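Data block below; observations after.
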Amino acid sequence: MSQESYYGRIIFRWTASKREIIAVASYIIIAVFIEYLVTATFMNFGLTEELMLTWRIPLLNDLTVSISPVLHLVPLTVVFTLVFSWMHITKYVIYATPKLIKIEKIVKKKKGEKRALKVKTFKEKTSYITNFPMKISNFLKLPFLKIWEKLGLARLSQFLREQPFASASIKGAFAVLATFLTFMVLTCLLENPDTIYHLIIIFYQRNPALLDFVYGTHIAINSISEMLGPALWVPSTINKSLLDVAPYFRKTIDTSLRPLFKVFTSLNITTKYLICQNVASWTSAFTSILYGRFKSKSWKTVHRS
Numbered sequence: 000m001s002q003e004s005y006y007g008r009i010i011f012r013w014t015a016s017k018r019e020i021i022a023v024a025s026y027i028i029i030a031v032f033i034e035y036l037v038t039a040t041f042m043n044f045g046l047t048e049e050l051m052l053t054w055r056i057p058l059l060n061d062l063t064v065s066i067s068p069v070l071h072l073v074p075l076t077v078v079f080t081l082v083f084s085w086m087h088i089t090k091y092v093i094y095a096t097p098k099l100i101k102i103e104k105i106v107k108k109k110k111g112e113k114r115a116l117k118v119k120t121f122k123e124k125t126s127y128i129t130n131f132p133m134k135i136s137n138f139l140k141l142p143f144l145k146i147w148e149k150l151g152l153a154r155l156s157q158f159l160r161e162q163p164f165a166s167a168s169i170k171g172a173f174a175v176l177a178t179f180l181t182f183m184v185l186t187c188l189l190e191n192p193d194t195i196y197h198l199i200i201i202f203y204q205r206n207p208a209l210l211d212f213v214y215g216t217h218i219a220i221n222s223i224s225e226m227l228g229p230a231l232w233v234p235s236t237i238n239k240s241l242l243d244v245a246p247y248f249r250k251t252i253d254t255s256l257r258p259l260f261k262v263f264t265s266l267n268i269t270t271k272y273l274i275c276q277n278v279a280s281w282t283s284a285f286t287s288i289l290y291g292r293f294k295s296k297s298w299k300t301v302h303r304s
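For what it's worth, numbering that gives the first Met the number 0 labels the leading residue of the sequence shown as 0, then goes sequentially.
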């Protein structure tokens, strides 16, 4: 890893060090596994290869090598896209140590000293109001922090703070893969709008105890609402209002989105697969590029000031 620092920034350049090779290899394994799951899922829905590319190698006893453009080359291209997107975004996630970040704060402080005094006076007057949500947030976080410490994850957090490359690698991987999976799922739902409905039915069929619990809870809430009356039982009133509005809302959504759903649902499984892969991978790549542009502009602004 080659790096230079100024104004709280680490200018990171990828090298062939052992640590970076391990990081890249680990990320490739994760990306390949995700692509395997995506391709296997579409194969379960009927995805097949209609055109296989076959080569014979006479020097190796007529060894035949077959490659599928849809099942092999497309996932391989997506993996390369995810890897390069991660490598690009990691360069801009890395920050310097607190000592270097302090330089940036000093520069900003000298420029806006008078304004800072005015803001400080206003903050002192409204400190009780502004700090109240923070106090509630800290109170709610306290049990989770105790569990975090008991599991020994606090040491992991400390290690990541001391290792900017490891922290940036994990953050970059999470950002790229989360974007990829999110848009993959959204595109699949757009192509198959009844998927959630069928998955819920299958889930309840395989978990009858949970279905009984949900149904029993619904009956109990209805009985309580009948005892107290709609005026005293606020959830019942809200539930009734939502049920009254639901048909009109569904009709509006169905009317506006039906042409779009009709276009996607009429496509064959291969086209749906290619659209999902392209949308998810291109979105991840553009997100990485836009993040890099945004951070570059912010660093240039700080450097000029």
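For glycine and all other residues, C-beta sits at the position ideal for the given N, C-alpha and C.
Computed from a predicted structure; not experimentally measured.
May I ask you to report which of helix, strand or coil DSSP gives residue i?
| i | result |
| --- | --- |
| residue 16 | coil |
| residue 105 | At residue 105, the pLDDT of 47 sits below 50, so the modelled position is not reliable; the number obtained from the coordinates is stated separately. In the structure shown, residue 105 sits in a helix (DSSP, three-state: H, G or I). |
| residue 204 | helix |
| residue 221 | helix |
| residue 287 | helix |
| residue 276 | helix |
| residue 185 | helix |
| residue 240 | helix |
| residue 192 | coil |
| residue 180 | helix |
| residue 255 | helix |
| residue 265 | coil |
For residue i, collect the residues of the same chain with a Cβ closer than 8 angstroms to its Cβ; drop the 5 residues on either side in sequence, then sort them by chain order.
| i | result |
| --- | --- |
| residue 27 | 78, 82 |
| residue 87 | 287, 288, 291 |
| residue 51 | 65, 66, 67 |
Against chain B, with Cβ distances strictly below 8 angstroms, would residue i count as a contact?
| i | result |
| --- | --- |
| residue 255 | No chain B is part of this structure, which consists of one protein chain only. |
Apart from the five residues on each side of it in sequence, which residues of its chain come closer than 7 angstroms, Cβ to Cβ, to residue i?
| i | result |
| --- | --- |
| residue 30 | 78, 81, 82 |
| residue 271 | 190 |
| residue 101 | With a pLDDT of only 44 at residue 101, under 50, the local geometry of the prediction cannot be trusted, and no value is derived from it. |
Should residue i be counted as a contact of the ligand FAD given a C-beta to heavy atom distance under 7 angstroms?
| i | result |
| --- | --- |
| residue 181 | Ligands are entirely absent from the displayed structure, and the ligand FAD is therefore not among its contents. |
Can you give me the Cβ contacts of residue i inside the same chain, cut-off strictly under 6 angstroms, excluding the 5 residues immediately before and after it?
| i | result |
| --- | --- |
| residue 172 | 26, 85 |
| residue 73 | 276 |
| residue 203 | 210 |
| residue 104 | Interpretation of residue 104 is limited by its pLDDT of 48, a score under 50 that renders its predicted location unreliable; the figure taken from the coordinates is listed afterwards. Excluding residues within five positions, none has a Cβ falling inside 6 angstroms. |
| residue 170 | 92 |
| residue 220 | none |
Please specify which runs of the alpha helix (DSSP H), each continuous and at least 4 residues long, are wholly inside the stretch 42 to 100, giving them in chain order. DSSP runs (the alpha helix (DSSP H)) wholly in the stretch 42 to 100: 73 to 92.
Are the stretch 275 to 293 and the stretch 46 to 53 touching, with three or more C-beta to C-beta distances below 8 angstroms? With a cut-off of 8 angstroms on Cβ pairs, the stretch 275 to 293 is not in contact with the stretch 46 to 53, counting fewer than three such pairs.
Does the contact criterion of 3 or more C-beta pairs under 8 angstroms hold for the stretch 190 to 204 versus the stretch 252 to 268? With a cut-off of 8 angstroms, the stretch 252 to 268 and the stretch 190 to 204 count as touching, because enough Cβ pairs lie within range.
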